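S.K.: When we follow the working numbering, the leftmost residue of the first sequence carries the number 29, and every step to the right adds one. For each residue, glycine too, the CB sits at the ideal point set by N, CA and C. These numbers were taken from a predicted model, which means no experiment stands behind them. Handing you this structure, nothing more for now.
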Amino acid sequence: MTPEELSAAITACLQDAVASGELNAPAAAIPAEVRVERPKNRDHGDWATSIALQLAKPAGLPPRAVAGILAGRLSDIPGVARVEIAGPGFLNVTLDAAAAGALAKVIVEAAEAYGRNDALAGHVVNMEFVSANPTGPLHLAHTRWAAVGDSIARVLSASGAAVTKEYYINDAGSQMNNFGASVLAAIKGLPTPEGGYPGGYIDDLAKTVLTDHPDIRELTDEAALPVVRAAAYQAQMADIRETLADFGVEFDVYFSEQQLHDGAIYTAVERLREQGHVFDEEGAVWLRTTDFGDDKDRVLIRANGEPTYFAADAAYYLSKKDRGFPEKIYLLGADHHGYINRLKAIAAAAGDDPDTNIEVLIGQMVSVNGARLSKRAGNIIELRDLLNWLGADALRYSLGRSPANSPMALEPDVLKKNTNENPVFYVQYAHARTAAVARNAAAGGVDRSAFDAGVLTHPTESNLLAQLGAYPSVVADAARFREPHRVARHLEVIAGTYHRWYDACRVTPLGDEPVTDLNRTRLWLNDATGQVLANGLGLLGVSAPERM
RNA sequence: GCGUGAGUAGCUCAGCAGGAUAGAGCGUCCCUCUCCUAAAGGGAAGGCCGCGGGUUCGAAUCCCGCCUCGCGCACCA
29 MTPEELSAAI TACLQDAVAS GELNAPAAAI PAEVRVERPK NRDHGDWATS IALQLAKPAG
89 LPPRAVAGIL AGRLSDIPGV ARVEIAGPGF LNVTLDAAAA GALAKVIVEA AEAYGRNDAL
149 AGHVVNMEFV SANPTGPLHL AHTRWAAVGD SIARVLSASG AAVTKEYYIN DAGSQMNNFG
209 ASVLAAIKGL PTPEGGYPGG YIDDLAKTVL TDHPDIRELT DEAALPVVRA AAYQAQMADI
269 RETLADFGVE FDVYFSEQQL HDGAIYTAVE RLREQGHVFD EEGAVWLRTT DFGDDKDRVL
329 IRANGEPTYF AADAAYYLSK KDRGFPEKIY LLGADHHGYI NRLKAIAAAA GDDPDTNIEV
389 LIGQMVSVNG ARLSKRAGNI IELRDLLNWL GADALRYSLG RSPANSPMAL EPDVLKKNTN
449 ENPVFYVQYA HARTAAVARN AAAGGVDRSA FDAGVLTHPT ESNLLAQLGA YPSVVADAAR
509 FREPHRVARH LEVIAGTYHR WYDACRVTPL GDEPVTDLNR TRLWLNDATG QVLANGLGLL
569 GVSAPERM
């Protein structure tokens, strides 16, 4: 029995108690779903609910009396061995071993599908993240957004949403000219121009461009700049895409800002004007974002006729809307949190609901060994170097296991360790161990030809089954709250629970002992655990090794 | 000043749609392998959950105020 099934059964008991008139409470007080929790203390049963405490006041009864009304019905649920009323009115449910253990077979048979759910079925989402400027390589901050954004997309998909992963390329504006001019200067052996981009990668791009355009030096600067700019841009984007691919991140759409400048921006401004939120002042065209909670109104078209970056944002938002995405998620860095209100204002001005059609997630910065990284400090670390140094698994896992909106410290030395101290190792090791146990079982003549859930009676087996059973709801919560770190943390719990089970319960019998159905049934549990660990690691974009 | 994120064990951090005795890893101190991965596991010690109010059967969690730290407040991109 899964926690969801138990929850549904308890909900039915509650509805029955209300329908029978035994429990009188206003309909509004009756939850659509009664949540069950795994108690920390084993004396409190396998699953517990505080529903009686919540209903006591609306029902006008002492909590323990409400619990008493429900307890009898709960006892009749098939698979429930015992129901106890504890403390102020908790209902503690103990399952019989066969009902709890059946889950192992369910998981093995569901395989990759275990954990997938339909909590977000029908949601069509545009998930934008990374969107790093194409004027240089990806660095550590982008790395976090890449890891978190991709995992958010994966848990959303696992929960039934239709997700499109999108990268917005800021390839318009003066920065691209500065970028092109920097590469051109490098080609000519000149110093970095004023406002240009320094760095060794510029020299590398110069070499690449020179290889493809050997005659470039013979052109005038005016003629060469557009060629160099375009070629360097292509090379840089290729590098970004390749690096992301090596990081396990693939985008469905790379959206170029430049394409908005052919008219879409002006069309967007006119559409917003028709909605009544645009005005002209001091020669510029403004969006009245203050109507929607922004601090000040924002300029769309400057007095000199040039559109602002914000105007492109507006056109881009409308593009997402026109392309059929009711839900638009933006994952931005902490230095962009001031953009939340104006992005929401765009949504509202476009006639959308800023509470449901747009969602702006803010990710905090990453420090390395306690040091903050910044361009000014000159200690930027590139994603490519991080990959070479630590590997994609350690990077993705460590960046994915913390909530994106809390600052985190990366400790490279720890990530190279093969001990409990390194969480990615801990979880991957547990998976590898399930594989090793399965290999030994095969060699020892243990197979899955029998399954008798009733024999899984050891406390560590009950714990392991409970944690495996909680996995689908963890995935659903991770999707609902856009917090994939919940999956990582739960995998760590499963890994620990598995290691304890492994120490207490053998799958393959010792020496000359015969193979029994207990051994065979435990193999199902072992394989179920490996499956859940692999599924969870997959959501985080981390591999599940068979051996370590 | 305004906005925004953070403050939980010695360290790095979970927990925050309110629940029973506050969690993990590391570090410290004990303990467990002739047999599936000891790359693991068990136990001990270690907490005014930043401070002060409030809400209620119950607050680390929700509300208000304050303190400290990070980040941001362009007709830049």
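Per the contact definition of three or more C-beta pairs closer than 8 Å, is the stretch 347 to 357 in contact with the stretch 137 to 157?
M.R.: As far as the Cβ criterion goes, the stretch 137 to 157 touches the stretch 347 to 357, which means the pair count is three or higher.
S.K.: Could you give the DSSP three-state label for LYS444: helix, strand or coil?
M.R.: Taking the first sequence and counting its residues from 1, one reaches residue 444 at position 416. DSSP places LYS444 in coil when its eight states are reduced to three.
S.K.: Under three-state DSSP, which class holds PHE453?
M.R.: Against the first sequence, residue 453 aligns to sequence position 425. Correct three-state label for PHE453: helix.
S.K.: How long is the line joining the alpha carbons of GLN286 and ILE409, rounded to whole angstroms?
M.R.: If you number the first sequence from 1, residue 286 lands on position 258. If you number the first sequence from 1, residue 409 lands on position 381. So the two alpha carbons sit approximately 28 Å from each other.
S.K.: For TRP417, which of SER434, GLU439, ARG429 and SER430 has the nearest alpha-carbon?
M.R.: To locate residue 417, count along the first sequence from 1; it is residue 389. Out of SER434, GLU439, ARG429 and SER430, GLU439 has the C-alpha closest to the C-alpha of TRP417.
S.K.: How would you call PRO116, buried or exposed, if buried means at least 16 neighbouring beta carbons within 10 angstroms?
M.R.: Within the first sequence, residue 116 is the residue found at index 88, counting from 1. By the 10 Å Cβ count, PRO116 comes out exposed.
S.K.: Tell me the rounded alpha-carbon separation between PHE283 and ALA139.
M.R.: To locate residue 283, count along the first sequence from 1; it is residue 255. To locate residue 139, count along the first sequence from 1; it is residue 111. Roughly 36 Å between the two C-alpha positions.
S.K.: Could you pull out every unbroken alpha helix (DSSP H) segment of at least 4 residues lying fully inside the stretch 451 to 490, listed in chain order?
M.R.: The qualifying runs are 451 to 471.
S.K.: What is the DSSP secondary structure of ASN154, reduced to helix, strand or coil?
M.R.: On the first sequence, position 126 is the one that residue 154 refers to. DSSP places ASN154 in strand when its eight states are reduced to three.
S.K.: Based on the DSSP output, what are the partners of HIS167 in its beta bridges?
M.R.: Along the first sequence, one-based indexing puts residue 167 at 139. GLU410.
S.K.: Apart from the five residues just before and just after VAL465, which ones in its own chain have a Cβ nearer than 6 Å to its Cβ?
M.R.: Against the first sequence, residue 465 aligns to sequence position 437. Counting only Cβ-Cβ distances below 6 Å, and skipping sequence neighbours, we find VAL535 and ASN554.
S.K.: Just to confirm, is the Cβ distance from GLY569 to ARG424 under 8 Å?
M.R.: The residue labelled residue 569 in the question sits at position 541 within the first sequence. The residue labelled residue 424 in the question sits at position 396 within the first sequence. In this structure, ARG424 lies closer than 8 Å to GLY569 by Cβ.
S.K.: So GLY473 packs on VAL543, CB below 8 Å; how close in whole Å?
M.R.: Here residue 473 refers to the residue found at position 445 of the first sequence. Here residue 543 refers to the residue found at position 515 of the first sequence. Yes, GLY473 and VAL543 are in contact; Cβ-Cβ is about 5 Å, under 8 Å.
S.K.: Applying the criterion that 16 or more other CB atoms from any shown protein chain within 10 Å of the CB defines a buried residue, is ARG548 buried or exposed?
M.R.: Here residue 548 refers to the residue found at position 520 of the first sequence. Classification of ARG548: buried, given that the 10 Å Cβ count is 16 or more.
S.K.: Does the stretch 178 to 196 touch the stretch 289 to 301, meaning 3 or more C-beta pairs lie closer than 8 Å?
M.R.: Result no; under three Cβ-Cβ pairs closer than 8 Å.
S.K.: Only counting the same chain, and skipping five residues up and downstream in sequence, which positions put a Cβ closer than 6 Å to that of TYR195?
M.R.: In the first sequence, residue 195 corresponds to position 167, counting from 1. Within the same chain, TYR195 has close Cβ partners VAL158, SER159, PHE279 and TYR282.
S.K.: With respect to the alpha helix (DSSP H) encompassing ARG301, which residues constitute its N-terminal and C-terminal limits?
M.R.: Indexing the first sequence from 1 puts residue 301 at position 273. Start and end: 292 to 302.
S.K.: With distances taken Cα to Cα, identify the nearest neighbour of TRP173 among LEU443, THR525, ARG575 and VAL388.
M.R.: Reading the first sequence from its first residue, position 145 is the one you call residue 173. Per the Cα distances, VAL388.
S.K.: When the Cα of ALA180 is compared with those of GLY228, ASP545 and PRO512, which residue comes out closest?
M.R.: In the first sequence, counting from the first residue as 1, residue 180 sits at position 152. Per the sequence presented here, residue 180 reads as Ile, with Ala not at that position. The option with the nearest alpha carbon to ILE180 is PRO512.
S.K.: Label ASP44 either buried or exposed according to how many other C-beta atoms from any shown protein chain fall within 10 Å of its C-beta, with 16 as the threshold for buried.
M.R.: As a working mapping, residue 44 is identified with position 16 in the first sequence. Exposed, by the Cβ-count rule.
S.K.: Three-state secondary structure (DSSP) at THR236?
M.R.: Stepping through the first sequence from its first residue, residue 236 is reached at position 208. Note: THR236 maps to helix in three-state DSSP.
S.K.: Tell me the DSSP bridge mates of ASP308?
M.R.: Working through the first sequence from its first residue, we reach residue 308 at position 280. In the DSSP output, where bridge partners are listed per residue, ASP308 has VAL313.
S.K.: Taking a contact to mean a Cβ-Cβ separation below 8 Å, would you say TYR261 touches PRO162 in this structure?
M.R.: Numbered from its first residue, the first sequence carries residue 261 at position 233. Numbered from its first residue, the first sequence carries residue 162 at position 134. For TYR261 and PRO162, yes; Cβs fall inside 8 Å.
S.K.: Can you check DSSP and say which residues form a bridge with TYR196?
M.R.: As a working note, residue 196 is residue 168 in the first sequence. Per DSSP, PHE283.
S.K.: Excluding the 5 residues preceding and the 5 following ALA200 in the sequence, name in chain order all residues of the same chain whose CB lies nearer than 6 Å to its CB.
M.R.: Indexing the first sequence from 1 puts residue 200 at position 172. Once the five neighbours on either side are set aside, the close Cβ partners of ALA200 are GLU285, GLN286 and HIS289.
S.K.: Terminal residues of the continuous beta strand (DSSP E) containing LYS356?
M.R.: Translated into the one-based positions of the first sequence, residue 356 becomes position 328. Counting along the chain, the beta strand (DSSP E) containing LYS356 begins and ends at 355 to 361.
S.K.: Just to confirm the assignment: which complete alpha helix (DSSP H) runs, minimum length 4, are found wholly within the stretch 59 to 118?
M.R.: As far as the stretch 59 to 118 is concerned, its whole alpha helix (DSSP H) runs of at least 4 residues are 79 to 87 and 91 to 103.
S.K.: Could you give the DSSP three-state label for LEU51: helix, strand or coil?
M.R.: For the purposes of this step, residue 51 is identified with residue 23 of the first sequence, where counting begins at 1. If DSSP states are grouped into helix, strand and coil, LEU51 belongs with coil.
S.K.: Under DSSP, the alpha helix (DSSP H) around VAL255 begins and ends at which residues?
M.R.: The residue given as residue 255 occupies position 227 in the first sequence. Unbroken alpha helix (DSSP H) run through VAL255: 249 to 274.
S.K.: By Cβ distance, which residues of its chain are closer than 7 Å to ARG330, with the 5 residues on each side in sequence left out?
M.R.: Translated into positions along the first sequence, residue 330 becomes position 302. Once the five neighbours on either side are set aside, the close Cβ partners of ARG330 are ALA312 and THR336.
S.K.: As a quick exercise: from ALA422, VAL560 and ARG370, pick the residue whose alpha carbon is nearest that of ASN450.
M.R.: For this step, residue 450 is matched to residue 422 along the first sequence. Selected option, being the one with the closest Cα: ALA422.
S.K.: Near ASP656, which residues of its chain fall below 6 Å by C-beta distance, leaving aside the five closest residues on each side in sequence?
M.R.: Because the chain spans 29 through 576 in this model, residue 656 falls outside it and cannot be assessed.
S.K.: Here's the rule: buried if 16 or more other CB atoms are within 10 angstroms of the residue's CB, otherwise exposed. What is ASN491?
M.R.: Residue mapping note: residue 491 aligns to position 463 of the first sequence, counting from 1. Flag for ASN491 reads buried.
S.K.: Do you know how far the Cα of ASP249 is from the Cα of ILE215?
M.R.: Along the first sequence, read from residue 1 onward, the residue named residue 215 stands at position 187. Along the first sequence, read from residue 1 onward, the residue named residue 249 stands at position 221. So the two alpha carbons sit approximately 11 Å from each other.
S.K.: Is the separation between the beta-carbon of ALA562 and that of ALA572 shorter than 8 Å?
M.R.: For this step, residue 562 is matched to residue 534 along the first sequence. For this step, residue 572 is matched to residue 544 along the first sequence. Taking 8 Å as the Cβ cut-off, ALA562 and ALA572 qualify as a contacting pair.
S.K.: If you drop the 5 nearest sequence neighbours on each side, which residues of the same chain put their C-beta closer than 6 Å to that of ALA132?
M.R.: Here residue 132 is taken as the residue at index 104 of the first sequence, counted from 1. Hits under 6 Å: TRP552, LEU553 and ALA556.
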